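*Asks:* Below is the structure I would like to discuss, written out as C-alpha cells.
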Amino acid sequence: MAVKTQLAELIRVTNDKARYDKQVKKLLSVKAILAWILKTCTDEFSSFSTQEIINCIQGEPEISLRAVHPNEPDAGASMLDGDDRIIGLNTEDNFLGEGTVYYDIRLQAVVPNSQTLVQLIINIEAQLDTSPGYPIEKRAVYYCCRMISGQYGTVFYHSEYGKLRKVYSIWFCSGSSLQKQNTIKKISLGETAVYGTPDTSGKNSDLMQAVIVHLGDANVPVGNQILRLMNVLLSEKTNAIKKQQVMEEEFHIAMTADLKTEVEELCNLSDGIYKKGRGEGLRQGIEGAVQMLRSQGNPDEQIIEMIMQQYDLTLETAKSYVMAPV
Numbered sequence: 167m168a169v170k171t172q173l174a175e176l177i178r179v180t181n182d183k184a185r186y187d188k189q190v191k192k193l194l195s196v197k198a199i200l201a202w203i204l205k206t207c208t209d210e211f212s213s214f215s216t217q218e219i220i221n222c223i224q225g226e227p228e229i230s231l232r233a234v235h236p237n238e239p240d241a242g243a244s245m246l247d248g249d250d251r252i253i254g255l256n257t258e259d260n261f262l263g264e265g266t267v268y269y270d271i272r273l274q275a276v277v278p279n280s281q282t283l284v285q286l287i288i289n290i291e292a293q294l295d296t297s298p299g300y301p302i303e304k305r306a307v308y309y310c311c312r313m314i315s316g317q318y319g320t321v322f323y324h325s326e327y328g329k330l331r332k333v334y335s336i337w338f339c340s341g342s343s344l345q346k347q348n349t350i351k352k353i354s355l356g357e358t359a360v361y362g363t364p365d366t367s368g369k370n371s372d373l374m375q376a377v378i379v380h381l382g383d384a385n386v387p388v389g390n391q392i393l394r395l396m397n398v399l400l401s402e403k404t405n406a407i408k409k410q411q412v413m414e415e416e417f418h419i420a421m422t423a424d425l426k427t428e429v430e431e432l433c434n435l436s437d438g439i440y441k442k443g444r445g446e447g448l449r450q451g452i453e454g455a456v457q458m459l460r461s462q463g464n465p466d467e468q469i470i471e472m473i474m475q476q477y478d479l480t481l482e483t484a485k486s487y488v489m490a491p492v
C-alpha cells in the first residue's frame with residue numbers, strides 16, 4: 167500500500183510539473199516578453215525599442231508541449247500588448263538520420279534598417295530541471311547546429327550556403343547554484359588569425375550564438391533587465407500581484423485579463439510544486455531521524471515519542487513512520 171501511495175504522489179507531482187512547464191512556455195510566447203528577450207540577449211536587436219522588435223517578429227511559431235529526442239524600459243514607451251503571442255513556425259526539427267528534436271519555442275525575426283534582409287531563427291528554452299544530467303552549454307550548441315543544418319531544403323538548396331541565416335538558442339535556467347545565479351554568458355563562433363593578416367571580422371561565420379541565462383532570487387536586486395524580468399516572472403515565491411506590478415511598471419507590459427489569468431495560473435502551479443517539495447523534504451527528514459534513532463538502539467515506543475515532540479506529529483502519524491516497512 168505504501169508503494170502505491172508513493173507512486174500516486176509521484177504521478178501527481180509529475181503532472182503538476184508538466185502543467186507548470188507548459189504554462190511557462192505559454193508566457194514566454196507573449197510577444198512583449200519575447201521582445202525583451204531579443205533586446206537583451208541578441209546583438210542585432212539591442213539598439214531597438216521593444217515595440218520596434220515586436221513588429222519584427224515574423225511567423226507564428228507553435229509552442230512544444232514537451233522536449234523529445236529519440237536516438238531599462240525604453241524612454242516614453244507605450245504599454246506593450248500583453249495579449250499578442252506567437253503561434254505556427256514548426257517546433258519540430260526532423261532531419262533524416264539525425265533524429266527528432268522538439269524546441270520549446272522557435273521564431274523568426276527580421277532585423278530592421280539593415281542594408282540587406284537579415285533574418286534570424288531564434289530558439290527559446292526554459293530549463294527548469296536543476297539537474298538535467300548534462301552540460302546545458304553542450305545542448306545549446308547542439309540546438310544551434312540543428313537549426314543550421316535544418317535550413318537545408320527550406321532556406322537554401324544545393325550549394326547556396328550564402329543564404330544561411332544566423333541562429334540563436336537562448337536558455338533560461340532556474341534552480342542554479344549560488345555561484346551561477348544572476349549570470350549570463352554567450353557562446354559563439356570566432357575567427358583567429360593563425361598566419362598572415364586574414365579578415366577575421368566574422369562577417370561570414372557569425373552564424374550561431376548560444377545564450378545561457380542563470381536566474382536568481384527575485385528578491386535580490388540585480389542590475390540587468392532580462393534577469394530582473396525573468397527572476398520575477400518565473401519565481402516560485404513571488405505572488406501574481408507582484409509579478410503583474412513588475413511587468414506593468416518596470417517593463418511596460420500591459421496586463422490584460424488573459425495575461426493576468428496565465429500569470430496567476432503559473433503562480434498557483436509553482437506554489438503547489440513548492441509546497442509538495444517542502445513536504446517531501448520533511449518526510450525524508452523524519453524517515454532519516456527514525457533510522458538514526460533505531461541504529462542507536464532506541465525502542466520503537468521511545469522513537470515514536472521523540473519524533474512526536476520533535477516534529478509536532480500526532481500519535482497516529484508518528485506510528486506510521488516508525489512502523490513503516492523498511
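All the letters of the sequence shown, read from the start, carry residue numbers 167 to 492 under this note's numbering.
For every residue, glycine included, the Cβ atom is placed at its ideal position computed from N, Cα and C.
From a predicted model like this one, the values you see are computed outputs, not experimental measurements.
(1) Identify, in the order they occur along the chain, each residue of the same chain with its Cβ nearer than 8 Å to the Cβ of I314, setting aside the five sequence neighbours on each side.
(2) Less than 8 Å between the C-beta atoms of I302 and K191, yes or no?
(3) Evaluate Y300 with the Cβ neighbour count: other Cβ atoms within 10 Å of its Cβ, from every protein chain shown; 16 or more gives buried, anything less gives exposed.
(4) Does DSSP put R460 in a helix, a strand or coil?
(5) In this structure, what does DSSP give as the bridge partners for Y186?
(6) CA-CA distance, A376 and K408?
(7) Can we say the stretch 391-404 touches the stretch 358-374, given the rule of at least three CB pairs closer than 8 Å?
(8) Are the CB atoms of Q347 and T206 nearer to each other than 8 Å?
(9) Only counting the same chain, and skipping five residues up and downstream in sequence, which positions put a Cβ closer than 8 Å to that of L395?
(10) CA-CA distance, Y440 and D383?
(11) If we require 3 or more residues per run, which beta strand (DSSP E) segments fall completely within the stretch 335-401?
(12) What residues match up with R272 in a beta bridge as DSSP calls it?
(13) Can you tell me where the alpha helix (DSSP H) with V307 in it begins and where it stops?
(14) Our contact map puts A490 next to I473 with C-beta atoms below 8 Å; I'd like the distance itself, whole angstroms only.
(15) With DSSP as the reference, label Y318 as helix, strand or coil.
(16) Can you tell which of G463, I470, P465 has its C-alpha closest to the C-alpha of I452?
(17) Within 10 angstroms of its Cβ, does A292 collect 16 or more other Cβ (buried), or is it exposed?
(18) One question on the structure: do L286 and F338 come within less than 8 Å of each other, judged by their Cβ atoms?
(19) Would you identify the three-state DSSP class for A277, choosing helix, strand or coil?
(20) Going by alpha carbons, who is nearest to Y308 out of Y269, P278, E210, V321?
(21) Per DSSP, which one or two residues make a beta bridge with Q410?
(22) Per DSSP, what are the beta-bridge partners of Q224 in this structure?
(23) From the DSSP output, which residues share a beta bridge with V429?
(24) Please return the same chain residues whose Cβ sits closer than 8 Å to the Cβ of I350, not counting the five positions on each side in sequence.
(25) Given this structure, state the Cα-to-Cα distance separating A420 from K197, to the nearest angstrom.
(26) Secondary structure at E471, three-state DSSP: helix, strand or coil?
(27) What distance in whole Å lies between the Cβ atoms of A275 and I288, which are believed to be in contact at a cut-off of 8 Å?
*Replies:* Reading from the atomic positions:
(1) Cβ within range, chain order: L330, V333, L373, M374.
(2) With contacts defined as CB atoms closer than 8 Å, I302 and K191 fail to qualify as a contacting pair.
(3) Here Y300 is exposed: its Cβ has fewer than 16 other Cβ atoms, across all protein chains shown, within 10 Å.
(4) R460 falls in the helix class under three-state DSSP.
(5) According to DSSP, Y186 bridges with nothing at all.
(6) Approximately 31 Å between the Cα atoms of the pair.
(7) The way I'd put it, the stretch 391-404 doesn't touch the stretch 358-374; fewer than three beta-carbon pairs between them come closer than 8 Å.
(8) In this structure, Q347 sits away from T206, with a CB-CB distance that is not shorter than 8 Å.
(9) The residues I199, W202, V412, M413, E416, F417, in chain order, have a CB closer than 8 Å to that of L395 in the same chain once the five nearest residues on each side in sequence are set aside.
(10) The predicted position of Y440 is uncertain, since its pLDDT is 49 and thus under 50; a value taken from the coordinates is nonetheless stated next. It is roughly 15 Å from the alpha-carbon of Y440 to the alpha-carbon of D383.
(11) For the stretch 335-401, whole beta strand (DSSP E) runs of length 3 or above, ordered along the chain, are 349-354, 374-380.
(12) In the DSSP output, where bridge partners are listed per residue, R272 has N289.
(13) Residues 302-315.
(14) Not a contact, Cβ separation roughly 12 Å.
(15) Here Y318 carries a strand assignment [DSSP, helix/strand/coil].
(16) Of the candidates G463, I470, P465, the one whose C-alpha sits nearest the C-alpha of I452 is I470.
(17) Looking at its Cβ environment, which holds 16 or more other Cβ atoms inside 10 Å, A292 is buried.
(18) With respect to the 8 Å criterion, L286 and F338 are not classified as neighbours on the basis of their beta carbons.
(19) A small fix is needed here, since residue 277 is Val in this sequence, not Ala. In the three-state DSSP reduction, V277 falls in the coil class, being neither helix nor strand.
(20) If we check each option's Cα against that of Y308, Y269 comes out closest.
(21) Q410 is not bridged to any residue.
(22) Beta-bridge pairing links Q224 to Q274.
(23) DSSP lists no partner for V429.
(24) Excluding residues within five positions, the ones whose Cβ falls inside 8 Å are C207, V377, I378, V379, H380, N390, I392, L393.
(25) Straight-line measurement puts the Cα of K197 at about 12 Å from the Cα of A420.
(26) Helix at E471.
(27) Right, the Cβ-Cβ distance comes to about 6 Å (below 8 Å), so this counts as a contact.
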